[in-house]
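Numbering (our numbering), first residue to last: 19 to 354. For glycine and all other residues, C-beta sits at the position ideal for the given N, C-alpha and C. The block underneath contains the structure these notes are about, expressed in structure tokens.
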């Protein structure tokens, strides 16, 4: 559906970049705790004095970017074909394309370069490793090589470092909020020293982590974060977007940072349930101008933990999702 953008030197870069990856099974949706039932309409946050080294893309003045991760087999061509099919299904091009990378995998990858070549804003989710090991300095040179590759990438993109750090099953490597914040600052400092300021640093816990208070202690500070983010999944209880976002919006409105829905996905349910969830989300986006990007997670896994957030074959969910995706509010242009 899209026309590739010209990019000097891209062919050479594609030849030498490493291959991308899909997310691990552990990134499946989790079930949240019951939140408060309503969301107040909040004004945009007041400007603050905080300045970080990450510049990233220019934030849209109005509206929010729309994007997705579209799961497919490992081969790059298959994943690009999957994006093409998803775009055809919803009748629009993606503005944000989401790519996952394990801690020790090189990026930007061939796949990442191709996404940018197609004119999309790249969001990279980079898995962390043991926070206390990072603080020993054992990974400093490896981090520096990754930062140099990011600097050479040249284009602005979103870097979602160690997303969902508040998840209970990651605590054996994250350890504590204090350990996470220290590791975040060390990794980011190396990126700054190298001059990889084209990466905007995205801090992204689970939305339900804001409900029970476990997410907030992991916040590294306004001077360390460029985008606040949350992954929003309704769980088996099918909590609404309104319910899940209430504490996220309360936290975010106190900070002068754009807000990103880094992942959202709704599993297959009885007829009408997913459609109603998407309709609720569309209404909330219009009420909260601090939200500047939303990224769907379209994937299916047949082994435990099983999930299916794909849309194929469920006509009412496709219609509601298409209405959401094609909403003019989610159509600001992407510019560097």
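Runs of the beta strand (DSSP E) lying entirely within the stretch 78–147, each at least 3 residues long, are 83–88, 114–119, 139–144 in chain order. In this structure, residue 328 lies near residue 317, with their beta-carbon atoms less than 8 angstroms apart. Secondary structure of residue 173 (DSSP, three-state): coil. The residue from 333, 315, 336 with its alpha-carbon nearest to that of residue 326 is 315.
Under DSSP, residue 325 shares a beta bridge with 319.
Here the stretch 293–302 does not lie against the stretch 226–246, with fewer than 3 beta-carbon pairs under 8 angstroms apart. Proximity of the stretch 134–153 to the stretch 180–191 meets the contact definition, three or more beta-carbon pairs being nearer than 8 angstroms.
Partner residues in the beta bridge of residue 249, as assigned by DSSP, are 224, 281. For the options 221, 322, 206, 176, the alpha carbon positioned closest to that of residue 184 is the one of 221. Counting only the Cα atoms, residue 90 lies some 28 angstroms from residue 169. Taking one beta carbon from each stretch, the stretch 123–131 and the stretch 183–197 have fewer than 3 pairs nearer than 8 angstroms; the two do not touch. As computed with DSSP, residue 152 is found in no beta bridge at all. Following the DSSP letters along the chain, one finds residue 190 inside the alpha helix (DSSP H) bounded by residues 189–192. For residue 203, the three-state secondary structure derived from DSSP is helix.
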